[in-house]
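Here's the structure, in structure tokens; my notes come after.
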Amino acid sequence: MSESVENQMDAESETQTRILLIDDSKVMRKSAVKMLGGEFDVVVAEDGQQGLDMINDDASIQVVFTDLNMPKMNGYQLLEAVRTSADEGIRNLPVIVVTGAENDDEAKEKALQQGATDFITKPFNSTDLKARAHAHATYQRNTRTLQEVASVDALTGLSNERSFKQHLEKDLSFVARHNHDIAILLLEVDSFNDLFLKIGRKGADSLIQQISRVLLKNVRKEDGLGRIGLARFAVSLPTAGPDGATRLAERICQTVSGFKAKLRGETLEISISIGLYVPADKGSDLFQQCMLKTEEALQLAANAGGNRVHALIESSDSQQVSGLQDVTDFSLDGLLATLSEEGAAAVEDQIPLAMQRLLPLWQAMTAEQRSALLSQIESA
Numbered sequence: 016m017s018e019s020v021e022n023q024m025d026a027e028s029e030t031q032t033r034i035l036l037i038d039d040s041k042v043m044r045k046s047a048v049k050m051l052g053g054e055f056d057v058v059v060a061e062d063g064q065q066g067l068d069m070i071n072d073d074a075s076i077q078v079v080f081t082d083l084n085m086p087k088m089n090g091y092q093l094l095e096a097v098r099t100s101a102d103e104g105i106r107n108l109p110v111i112v113v114t115g116a117e118n119d120d121e122a123k124e125k126a127l128q129q130g131a132t133d134f135i136t137k138p139f140n141s142t143d144l145k146a147r148a149h150a151h152a153t154y155q156r157n158t159r160t161l162q163e164v165a166s167v168d169a170l171t172g173l174s175n176e177r178s179f180k181q182h183l184e185k186d187l188s189f190v191a192r193h194n195h196d197i198a199i200l201l202l203e204v205d206s207f208n209d210l211f212l213k214i215g216r217k218g219a220d221s222l223i224q225q226i227s228r229v230l231l232k233n234v235r236k237e238d239g240l241g242r243i244g245l246a247r248f249a250v251s252l253p254t255a256g257p258d259g260a261t262r263l264a265e266r267i268c269q270t271v272s273g274f275k276a277k278l279r280g281e282t283l284e285i286s287i288s289i290g291l292y293v294p295a296d297k298g299s300d301l302f303q304q305c306m307l308k309t310e311e312a313l314q315l316a317a318n319a320g321g322n323r324v325h326a327l328i329e330s331s332d333s334q335q336v337s338g339l340q341d342v343t344d345f346s347l348d349g350l351l352a353t354l355s356e357e358g359a360a361a362v363e364d365q366i367p368l369a370m371q372r373l374l375p376l377w378q379a380m381t382a383e384q385r386s387a388l389l390s391q392i393e394s395a
């Protein structure tokens with residue numbers, strides 16, 4: 016571990032770790048504060064909803080203890096809200112479930128499925144509670160520090176979610192200063208969960224790596240590219256206009272639609288959906304708005320059946336143009352235009368798909384026509 020990372024961890028350990036305890040029992044809340052207050056900064060909430068509000072508003076909370084049976088929002092609902100949060104830091108919070116005699120093994124199993132990190136059983140003593148709090152606080156602090164230092168997704172070598180966010184914010188600031196266009200893409204593998212269950216972790220990882228190579232081959236050095244979800248990628252295209260960005264998205268979509276996965280003699284079709292957003296307003300402070308709009312475009316593409324691009328393009332007068340491109344309609348003219356404008360390297364990945372789509376035409380040719388075509392190819 017580097018010295019700078021160690022120093023950062025040491026500095027963080029000098030400040031008291033903030034612990035959130037959520038319990039509808041006033042006695043339990045007071046007991047926890049008394050037991051932990053000497054070594055931790057303890058904050059309390061009396062139900063799941065109040066606790067969730069505090070988690071969303073206070074990024075310094077490092078460990079959560081929660082009861083299961085509470086009014087307004089119970090412990091199961093709280094766990095679901097935390098684990099499905101859009102905020103990566105909240106999703107990864109340690110949540111220790113406090114169980115009592117009324118909670119059987121089935122209740123614990125349900126909590127575990129909802130994302131519980133650990134359990135502690137009432138009644139507990141101060142030693143047990145402190146030990147559990149220290150263990151999870153240390154793990155959370157070290158993990159968070161390492162994640163902040165790291166910027167690369169381990170599987171693909173692309174930027175991770177945090178690093179991509181920083182890149183896009185810089186791109187938005189740059190295009191705002193220089194009055195350039197910018198386009199943002201979100202790409203996601205269609206029906207990935209079903210695919211994962213069929214081909215397993217190894218096959219899914221291989222597919223994600225294949226797609227990352229396609230993306231790396233098609234973007235420019237100045238573009239931002241990251242893997243920001245299990246089967247989701249994001250691309251920032253500074254200075255790219257709507258037409259160029261749309262062509263790029265369609266090219267990527269067409270290339271991936273040529274992928275196949277083999278499973279016990281069955282051929283599985285692979286496809287992706289792409290959301291494209293070109294904002295009228297720019298600036299690093301508009302990151303969240305841009306991602307929400309691009310997410311909207313992605314969902315429209317997926318809901319229309321997948322294997323397509325949906326573009327949301329805004330003009331300076333705040334008018335929005337929405338367009339859907341089904342890439343199953345293979346365009347030879349589009350492929351030739353890309354070849355003419357960008358060279359052979361830009362269409363290399365699409366050649367197998369082009370051959371597949373043109374095969375029926377070859378089969379329909381007479382022997383004389385095939386011979387004439389082969390002669391033209393040889394003399395080209």
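Under our numbering, the first residue of the sequence shown is numbered 16, with each subsequent residue one higher. Even glycine gets a Cβ: it sits at the ideal position worked out from N, Cα and C. Fair warning: this is a prediction, and the values are worked out from it, not measured in the lab.
Candidates the options: closest to residue i by CA position
{"i": "Leu187", "options": "Thr136, Leu230, Glu237, Ile135", "result": "Glu237"}
{"i": "Glu265", "options": "Arg247, Phe248, Glu54, Ile289", "result": "Ile289"}
{"i": "Ala255", "options": "Ile226, Lys123, Ile287, Asn194", "result": "Asn194"}
{"i": "Gly104", "options": "Ser141, Met88, Gln155", "result": "Gln155"}
{"i": "Pro138", "options": "Lys125, Gly115, Ala150", "result": "Gly115"}
{"i": "Glu176", "options": "Lys213, Asp209, Ile243", "result": "Ile243"}
{"i": "Leu301", "options": "Ala126, Lys180, Glu357", "result": "Lys180"}
{"i": "Asp39", "options": "Leu231, Asn71, Asn89, Asp73", "result": "Asn89"}
{"i": "Lys406", "options": "Gly298, Tyr91, Trp377", "result": "Residue 406 lies beyond the range of the chain shown here (16 to 395); nothing can be said about it."}
{"i": "Thr142", "options": "Gly52, Ile70, Val229, Phe189", "result": "Gly52"}
{"i": "Leu263", "options": "Gly280, His325, Leu210, Thr282", "result": "His325"}
{"i": "Ile37", "options": "Phe55, Met69, Ser394", "result": "Met69"}
{"i": "Ala74", "options": "Arg235, Asp209, Ser46, Leu35", "result": "Leu35"}
{"i": "Asp258", "options": "Glu329, Phe55, Lys217, Ala169", "result": "Glu329"}
{"i": "Gly280", "options": "Ala387, Arg323, Ile214, Ala249", "result": "Ile214"}
{"i": "Leu245", "options": "Leu388, Ser221, Leu231", "result": "Ser221"}
{"i": "Thr81", "options": "Ala148, Ala312, Ala101, Ile392", "result": "Ala148"}
Element boundaries [alpha helix (DSSP H), containing residue i]
{"i": "Ser286", "result": "Neither: Ser286 is in no alpha helix (DSSP H) and is coded neither H nor E."}
{"i": "Ser4", "result": "Nothing can be reported for residue 4, as the shown portion of the chain is limited to 16 through 395."}
{"i": "Lys277", "result": "Segment 275-278 is the beta strand (DSSP E) holding Lys277; no alpha helix (DSSP H) there."}
{"i": "Asp186", "result": "176-193"}
{"i": "Ala317", "result": "302-318"}
{"i": "Lys297", "result": "Neither: Lys297 is in no alpha helix (DSSP H) and is coded neither H nor E."}
{"i": "Ala359", "result": "Segment: none, Ala359 is in no alpha helix (DSSP H) and carries neither H nor E."}
{"i": "Met380", "result": "Counting along the chain, Met380 falls outside any alpha helix (DSSP H), and DSSP gives it neither H nor E."}
{"i": "Ser46", "result": "41-51"}
Beta-carbon spacing of residue i, residue j below 7 angstroms
{"i": "Gly63", "j": "Leu93", "result": "yes"}
{"i": "Ile199", "j": "Tyr292", "result": "yes"}
{"i": "Arg44", "j": "Ile76", "result": "no"}
{"i": "Leu144", "j": "Met85", "result": "no"}
{"i": "Ser59", "j": "Pro109", "result": "It should be noted that the sequence gives Val, not Ser, for residue 59. Cβ distance not < 7 angstroms, so Val59 and Pro109 don't count as in contact."}
{"i": "Leu183", "j": "Ser251", "result": "yes"}
{"i": "Ala96", "j": "Leu67", "result": "yes"}
{"i": "Leu327", "j": "Lys297", "result": "no"}
{"i": "Gly239", "j": "Leu173", "result": "no"}
{"i": "Val42", "j": "Val48", "result": "no"}
{"i": "Ile287", "j": "Val229", "result": "no"}
Length of the line joining the Cα atoms of residue i and residue j
{"i": "Phe134", "j": "Asp120", "result": "11 angstroms"}
{"i": "Thr171", "j": "Arg247", "result": "12 angstroms"}
{"i": "Val342", "j": "Phe274", "result": "Summary for Val342: the model assigns pLDDT 48, below 50, so the residue's position carries little reliability, and this model does not support an answer."}
{"i": "Phe207", "j": "Thr270", "result": "17 angstroms"}
{"i": "Phe345", "j": "Leu351", "result": "Its pLDDT being 48, under 50, Phe345 is placed unreliably by the model, and nothing is read from it."}
{"i": "Leu83", "j": "Ala276", "result": "43 angstroms"}
{"i": "Gly321", "j": "Cys268", "result": "10 angstroms"}
{"i": "Glu383", "j": "Ala359", "result": "29 angstroms"}
{"i": "Thr132", "j": "Gln314", "result": "31 angstroms"}
{"i": "Gln31", "j": "Val112", "result": "22 angstroms"}
{"i": "Glu357", "j": "Ala219", "result": "31 angstroms"}
{"i": "Pro253", "j": "Ser166", "result": "20 angstroms"}
{"i": "Arg192", "j": "Ala260", "result": "21 angstroms"}
{"i": "Ala317", "j": "Glu284", "result": "15 angstroms"}
{"i": "Ser333", "j": "Glu310", "result": "For Ser333, the predicted model reports a pLDDT of 49, less than 50, meaning its position is unreliable and no value from the coordinates is stated."}
{"i": "Thr153", "j": "Asn71", "result": "21 angstroms"}
{"i": "Pro294", "j": "Cys305", "result": "7 angstroms"}
{"i": "Ser355", "j": "Phe211", "result": "38 angstroms"}
{"i": "Thr99", "j": "Ala249", "result": "19 angstroms"}
{"i": "Leu278", "j": "Gln225", "result": "17 angstroms"}
{"i": "Leu376", "j": "Lys232", "result": "30 angstroms"}
{"i": "Gln391", "j": "Ile223", "result": "39 angstroms"}
{"i": "Leu389", "j": "Ala379", "result": "15 angstroms"}
Residue range of the unbroken beta strand (DSSP E) whose run includes residue i
{"i": "Val57", "result": "56-60"}
{"i": "Glu329", "result": "323-329"}
{"i": "Leu36", "result": "33-37"}
Cβ-heavy atom distance, residue i to the ligand PLP, below 6 angstroms
{"i": "His149", "result": "With respect to the ligand PLP, the structure shown offers nothing to examine, as it has no ligands at all."}
Test: residue i CB closer than 7 angstroms to a CB of chain C
{"i": "Arg247", "result": "In the structure shown, chain C does not exist; there is a single protein chain."}
Run through the segment 128-172 for me and flag every whole alpha helix (DSSP H) of 4 or more residues, listed as ranges in chain order.
141-164
Note down, one range per segment and in chain order, each beta strand (DSSP E) of at least 3 residues found wholly within the segment 230-263.
239-244, 247-253
Please specify which runs of the alpha helix (DSSP H), each continuous and at least 4 residues long, are wholly inside the segment 66-133, giving them in chain order.
90-98, 103-106, 120-128
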